[in-house]
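*Asks:* First residue of the sequence shown? That's 11 in my numbering, and the numbers climb one at a time after it. Each residue gets a CB set at the ideal place from its N, CA and C atoms; glycine is no exception.
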Amino acid sequence: MKTLHTSHNLPFSTKISYGIGGFGKDFGLVVVNTFLFFYYTDVVGIKAEIAGLIFLIARFWDIVADVFIAYLISKTRTCWGKYKPWILAGNLLNGLATVALFSAHNFSGDMLIAYVTLTYILWGTTYTISDAPFWSLLPTITLDKKERETIMPWPRIFASGANYIASASAMVLIHLLGKGNDAIGFMLLAVICGTLSIISAAVTCRWVKRNYKEDDMEDNHHFSIRTALTIITKNNQLLWLLTLAIFFIISTNITQALNIYYFTYVIREQQMFSYFMIVGGIFGVASILFFTRAVDLFGRKNIFILSLLCPVASCLLLYLSSLLNHGWSVNIMILCSGIFMGLANALYWLMIFIMVADTIDYGDMKMGLRAEAVSYSAHSLIIKMGAAITGFLVGLMLDAIHYVPKVNQTSETINGFHLIYVVPSLLCLVSLYIYRKHYILNDEMLISVQLKLEEKYRKIKSKAVREEHEPTISVSL
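1) Under DSSP, the alpha helix (DSSP H) around H389 begins and ends at which residues?
2) For A80, I'd like the list of residues in its chain whose CB is within less than 7 Å of its CB, leaving aside the five on either flank, ordered along the chain.
3) Quick one: Cα of L148 to Cα of I175, how far?
4) Mark I151 as exposed unless 16 or more other C-beta atoms lie within 10 angstroms of its C-beta, in which case mark it buried.
5) Would you please state the rounded distance, in angstroms, between the beta carbons of Y130 and A68? I believe it to be under 8 Å.
6) Could you tell me if D371 is buried or exposed, where buried requires 16 or more neighbouring beta carbons within 10 angstroms of its beta carbon?
7) Between the stretch 186 to 205 and the stretch 99 to 118, do at least 3 Cβ pairs fall closer than 8 Å?
8) Closest to P21 by C-alpha separation, out of M197, W145, W217, would be which residue?
9) Can you tell me where the alpha helix (DSSP H) with S113 in it begins and where it stops?
10) Let me check understanding here. Comparing Cα to Cα, which of L199, S441, I270, F47 lies closest to T400?
11) Given 8 Å as the limit, is there contact between the stretch 121 to 130 and the stretch 86 to 97, that is, 3 or more CB pairs closer than that?
12) To the nearest angstrom, how far is it from the Cα of S435 to the Cα of L406?
13) How is Q419 classed by DSSP in three states: helix, strand or coil?
14) Would you kindly report the start and end of the unbroken alpha helix (DSSP H) that includes E59?
15) Could you tell me whether the stretch 23 to 38 touches the stretch 155 to 174, using the rule of 3 or more Cβ pairs below 8 Å?
16) When you compare only the Cα positions, how much space is there between A304 and I344?
17) Quick check on S118: does DSSP put it in helix, strand or coil?
18) To the nearest angstrom, how far is it from the Cα of L183 to the Cα of L330?
19) Have a look at L328 and L63 and give me their C-alpha separation to the nearest angstrom.
20) Tell me whether N191 sits in a helix, a strand or coil according to DSSP, three-state version.
21) Can at least three beta-carbon pairs, one atom from the stretch 343 to 362 and one from the stretch 460 to 468, be found at a separation below 8 Å?
22) Could you spell out where the alpha helix (DSSP H) holding T44 opens and where it closes?
23) With the cut-off set at 9 Å, would you say L249 and T240 are in Cβ contact?
24) Closest to N425 by CA distance: which of G29, V276, G188 is it?
25) Suppose the cutoff is 6 Å on Cβ atoms and the five residues either side in sequence are ignored; what does the same chain contact list for I260 look like?
26) Do T262 and A354 count as a contact pair if the criterion is CB distance below 9 Å?
27) Around the Cβ of F402, are there at least 16 other Cβ atoms within 10 angstroms (buried) or fewer (exposed)?
28) For V109, which residues in the same chain have their Cβ closer than 6 Å to its Cβ, ignoring the five residues on either side in sequence?
29) How is F144 classed by DSSP in three states: helix, strand or coil?
30) Would you check if the distance between the CB atom of Y50 and the CB atom of T265 is smaller than 9 Å?
31) Can you have a look at G119 and say buried or exposed, based on whether 16 or more other CB atoms are within 10 angstroms of its CB?
32) Is it a yes or a no for the stretch 441 to 450 touching the stretch 289 to 303, going by three-plus beta-carbon pairs under 8 Å?
33) Report the three-state DSSP secondary structure of V414 (helix, strand or coil).
34) Using CA atoms only, rank isn't needed, just tell me which of G55, G31, F70 is closest to L391.
35) Could you tell me the alpha carbon to alpha carbon distance between W96 and L451, rounded to whole angstroms?
36) Give every residue of the same chain whose Cβ lies closer than 6 Å to the Cβ of G32, excluding the five residues on either side of it in the sequence, and list them in chain order.
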């Protein structure tokens, strides 16, 4: 990784442009993660277990595709660097794929199943093309720990804003745009998602400035897919981080996918779902705004532990609210549940991308290999694996509790929904155990890693300067 220029005060244009990129990229992701399963079961009419199986099958393709995409990104050479061309192309393709996802109502029978399978696989592949290079930009912007903590809140603020705006407004927009036809409403909402994705990518590519060139190791023509797999398997901190991540992602995705069902059929207050998301968004964005100050006061470790425990509190409050009669106490519990979920999503996703960057530094120190695109592609794969496993589990769970769309549910089904909400809490506790037991890049260890890397690149820069000024002697015969 070569220095382009040093800056201890990152330009505001870089910060906000990076943030805007997170908004458009994640707006569509939130709509897909929150409403796609509901769209398939309650609008298109696909059985829950079939939809879940499609989600799972698609991820087997991603295991191969994501590694290959990381390899292609690593081999890219343009005047914009490796990552920006892929960010622009990926968001364009993912926007089109999102529209295709929510056009499934135009098909039926076997053609419907084939179409849904193909478009969901296509969506997952194009999301990796947009997501992995976007986060791979971070280590090229700065190596400094404090600077990373100041720039990372920007994409997370915008991504969290996208999360809560999309979740809170989606059903309203669907009814408004569809004028009573939810299928059309979902499709037009997807068009909005695609448009935002393309615009935000253009802003990021135009105004985010790099301070470091991408990894020199990836510039080597001997870099291969085998090398990429070595980077992942030999970096134990990256492996542990990815492991705890998949448990957390499955946990929060289960609640995210089931909340619309839970509010509609169990609590029977569908309008409260919007308030649940709005209050979560307010507190989530507030936590990001004060993130740097919170880290200074409590430390990264405690902030991350809090993010893993908040979903447990959120699920508990939702469960309790469904047991009470309707009234102000139920509404307060729902709003408090939204606050905890908002804090969890904001703090976790803010921390996890910083931590992936830290594991890249650790791999550089331990093996002399960085490969940002490979590491972030691995994390992108974990995100999609979590979504696929969630879809499969949700399909099985809905089938197991005998859920029937668009009718009042039986008491057996209601009790089943209650039981399901225990699962996310247990998964979050597993993530917490892994983090406390195996993740070591905190405090003194993290400082030690970054000091060693700063010294390493200082020597590389000094050597380059000396070679540049050495006299050249030519001999003519």
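*Replies:* Quick look at the numbers:
1) 382 to 410
2) A142, A238, A383, V384, S387
3) 25 Å
4) Label assigned to I151: buried.
5) The C-beta separation of Y130 from A68 comes to about 5 Å, placing the pair in contact by the 8 Å criterion.
6) buried
7) As far as the Cβ criterion goes, the stretch 186 to 205 touches the stretch 99 to 118, which means the pair count is three or higher.
8) Per the Cα distances, W217.
9) Neither: S113 is in no alpha helix (DSSP H) and is coded neither H nor E.
10) F47
11) no
12) 18 Å
13) Correct three-state label for Q419: coil.
14) 58 to 84
15) With a cut-off of 8 Å, the stretch 155 to 174 and the stretch 23 to 38 count as touching, because enough Cβ pairs lie within range.
16) C-alpha separation (whole angstroms): 26 Å.
17) coil
18) 30 Å
19) 28 Å
20) coil
21) Because the criterion of three Cβ pairs below 8 Å is not met, the stretch 343 to 362 and the stretch 460 to 468 do not touch.
22) 22 to 48
23) Not in contact: L249 and T240 (Cβ atoms no closer than 9 Å).
24) V276
25) The answer, listed in chain order, is G396, I399, T400, L437.
26) Yes, Cβ-Cβ distance for A354 and T262 is below 9 Å.
27) buried
28) A200, V201, G204
29) helix
30) no
31) exposed
32) Too few Cβ pairs lie closer than 8 Å, so no.
33) coil
34) Selected option, being the one with the closest Cα: F70.
35) 30 Å
36) Excluding the 5 residues flanking it on each side, G32 has same chain C-beta neighbours closer than 6 Å at P165, F168, A169, in chain order.
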